[in-house]
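Presented below is the structure to which this report refers.
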Amino acid sequence: MTNHPRAAQQTTILFCLDFYYPHVGGAEILFQSLAEGLAAQSYRVLVITQAIAGAPLQEEHNGVSIIRVRTGGCRYLFPLLGLSSILRFARQADIIHATTFAAAPAAWLAARICKRPVVLTVHELWIGKWQRVSDAGALSNWLNDIIERALYLCRYDHIVAVSAATARDLRQHGIAPERIHTIHNGIDDAFWNPARHHRDPALRAKLGLDNVFVFFFSGRPGRSKGLPLLLRALARLRDEGRPARLLAIVSTAAACREGYRDMLSLRDELRLQDAMILLPPQPYAELPSYVMLADTVVVPSLSEGFGFAAAEACALQRPVIVTDNASLPEVASGKVITIPPNDVDALANAMRQAMAGQFQQVPPRQFPRQAMIDAHIDLYQSILARNPGKGAPAAHTATDQAHTNNDKHPAAQAATDDTRGPQS
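Residue numbers (full-length UniProt numbering): 1 to 424.
What follows is the structure, encoded as structure tokens:
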């Protein structure tokens with residue numbers, strides 16, 4: 001763990017986020033880990049986000065002050081309805097930190113008005129990709145592409161890319177390399193530890209998975225995560241008489257309803273009812289038990305900013321099939337098969353290879369959560385060093401931090417109907 005000098009005053013970080021706890025997705029996992037990690041090291045942390053059902057408009061959670069703004073469930077109203085709150089708290093902040101998409105313009109404007117440095121975290125770029133990876137209609141995809149392009153017309157002082165792939169996309173879009181900082185997302189390596197979790201024969205039997213090869217998928221339905229492609233590949237294995245089953249934990253969140261219905265229709269069209277075990281999102285604490293049932297985890301994404309599903313599976317030493325685009329090649333390790341995206345023939349063949357035990361061995365890669373937190377602190381301190389009188393609070397020891405974060409992974413306490421958010 002990095003040792004950070006004691007500051008003369010407490011540093012305040014204001015996060016402006018589309019979603020935050022108890023909403024759970026890849027971006028929410030990142031920012032709750034970061035916010036609570038900063039609070040544990042004596043930073044003052046404020047979060048302004050959208051209100052969601054069942055969550056109070058204001059609360060203190062694990063040392064983080066959360067202010068939720070009513071938007072009527074429309075994230076694109078957040079910049080307008082949340083701007084006054086963002087401005088009010090921006091005056092108290094030393095650094096404003098936002099993420100794509102809706103919160104970013106309001107955070108940028110508040111930073112300019114209040115003369116504060118602003119950091120933007122980018123999970124992935126879909127510029128020029130919307131028609132290919134999104135399930136929305138052509139008009140919606142066209143509008144979303146325009147909105148995303150407009151987002152980068154604002155000059156953010158620093159941009160954090162959650163993978164080298166995202167950093168490369170940012171450079172190709174014309175963002176100056178000196179403003180880009182690659183900080184990989186972190187996972188709770190103490191929780192996603194194979195020594196802590198074991199395959200449960202009773203659970204496998206309960207799900208009817210005895211004496212079959214189990215493929216596992218978790219995430220949103222729809223094109224971007226590759227689930228329709230996976231179902232078509234599974235149908236080919238079924239038609240060949242191969243003893244394979246797909247265990248799928250699929251998001252039922254409101255934003256995924258249409259994709260979920262389409263997934264069910266495709267499952268029925270392909271007659272996969274007996275070959276697919278479909279489960280709703282499970283409590284976070286139980287997810288490793290399901291991942292451990294897998295003989296191979298499949299992550300057939302068309303686009304991926306980081307790839308928590310792949311990183312967590314590899315941390316549990318599960319073999320994986322991943323696409324060779326975006327961030328997945330830099331995240332996957334252990335027993336790996338890589339395939340081109342959106343290629344059902346390649347995916348079906350990879351699944352046959354997996355059943356035959358034909359994997360490439362990739363050296364282990366680790367993405368510890370504390371390293372992610374420390375990298376952000378280093379970035380904040382480099383920013384504050386340019387502002388006389390600012391500083392960062394003293395860091396705890398690594399042992400102190402481990403005790404602070406034990407069993408406090410961002411999704412652990414959250415009751416949610418989502419397994420992965422729009423940016424994972």
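C-beta atoms are modelled at their ideal positions from N, C-alpha and C, and glycine is treated no differently.
Excluding five sequence positions before and after Ile52, the CB atoms of its chain that fall closer than 8 Å to its own CB belong to Phe19, Pro22, His23 and Arg68, given in chain order. A contact is defined here as three or more CB-CB pairs under 8 Å, and the region 354-369 meets this definition with respect to the region 182-189.
Excluding five sequence positions before and after Val212, the CB atoms of its chain that fall closer than 8 Å to its own CB belong to Pro243, Ala244 and Arg245, given in chain order.
With the rule of 3 Cβ pairs closer than 8 Å, the region 291-303 counts as touching the region 311-326.
About 6 Å separates the beta carbons of Leu125 and His173, which is inside the 8 Å limit, making them a contact pair. In this structure, Ala310 is the residue among Trp142, Gly54 and Ala310 with its C-alpha nearest to the C-alpha of Val336. In its chain, beyond the 5 residues on either side, Ile95, Asp157 and Ile383 have a beta carbon closer than 6 Å to the beta carbon of Pro117. DSSP places Ala102 in the coil class of the three-state scheme, outside both helix and strand. Annotation: Phe359 to Gln353 spans about 7 Å, alpha carbon to alpha carbon.
Annotation for Gly26: the continuous alpha helix (DSSP H) segment containing it runs Gly26 to Ala40.
Residue ranges of uninterrupted alpha helix (DSSP H) with 4 or more members, entirely inside the region 123-188 and ordered along the chain, are 130-133, 138-151 and 164-172.
With a contact defined as Cβ atoms closer than 8 Å, Ile183 and His376 qualify at about 6 Å. Here Gln50 is bridged, per DSSP, to Val69.
In the structure shown, Ser218 adopts extended strand secondary structure according to DSSP, grouped into three states. Contact between the region 77-84 and the region 33-45 is absent, with fewer than three C-beta pairs closer than 8 Å.
Gln32 is the residue among Ala235, Gln32 and Cys74 whose C-alpha sits nearest the C-alpha of Asn62.
Under the rule that a run must span 4 or more residues, the alpha helix (DSSP H) segments found entirely inside the region 320-404 read 328-331, 344-355 and 369-384. Between Leu151 and Ala104 the beta-carbon gap is near 6 Å, inside 8 Å, which marks them as a contact. Per the Cβ contact rule, the region 300-308 is not in contact with the region 271-285 (fewer than 3 Cβ pairs under 8 Å). When the five nearest sequence neighbours on each side are left out, the beta carbons in the same chain lying within less than 8 Å of the beta carbon of Glu60 are those of Ile66, in order along the chain.
Nearest in C-alpha terms to Pro194, of all of Glu330, Gln317, Leu34 and Ser327, is Gln317. Between Pro340 and Ala332 a beta carbon distance of about 15 Å is seen, past the 8 Å cut, so the two are scored as non-contacting. Counting only the Cα atoms, Arg386 lies some 16 Å from Ile13.
Taking a cut-off of 8 Å on C-beta distances, the region 206-224 touches the region 248-259, as three or more cross pairs fall below it.
With fewer than 16 other Cβ atoms from the protein chains shown falling within 10 Å of its own Cβ, Gln361 counts as exposed. Here DSSP, grouped into helix, strand and coil, assigns Met276 to strand. By DSSP's assignment, Thr121 forms a beta bridge with Thr99 and Val160. Arg75 sits away from Ala107, with the two beta carbons spaced by 8 Å or more. The criterion of a C-beta distance shorter than 8 Å is satisfied by Ala161 and Leu170.
Residue pairing from DSSP places Leu246 in a beta bridge opposite Phe215 and Met276. When DSSP states are grouped into helix, strand and coil, Glu60 belongs to the strand group. Shortest Cα-Cα distance from Gly259 to any of Ser327, Ser134, Ala326 and Glu330 involves Ser134.
Excluding the 5 residues flanking it on each side, Asn325 has same chain C-beta neighbours closer than 6 Å at Pro341, in chain order. For Asp200, the CB contacts under 8 Å within the same chain, skipping 5 residues up- and downstream, are Ser289, Met292 and Leu293 in chain order. Nearest in C-alpha terms to Leu46, of all of Ile29, Cys16 and His181, is Cys16. Residue burial annotation: Arg257 is exposed, with fewer than 16 other C-beta atoms found within 10 angstroms of its C-beta.
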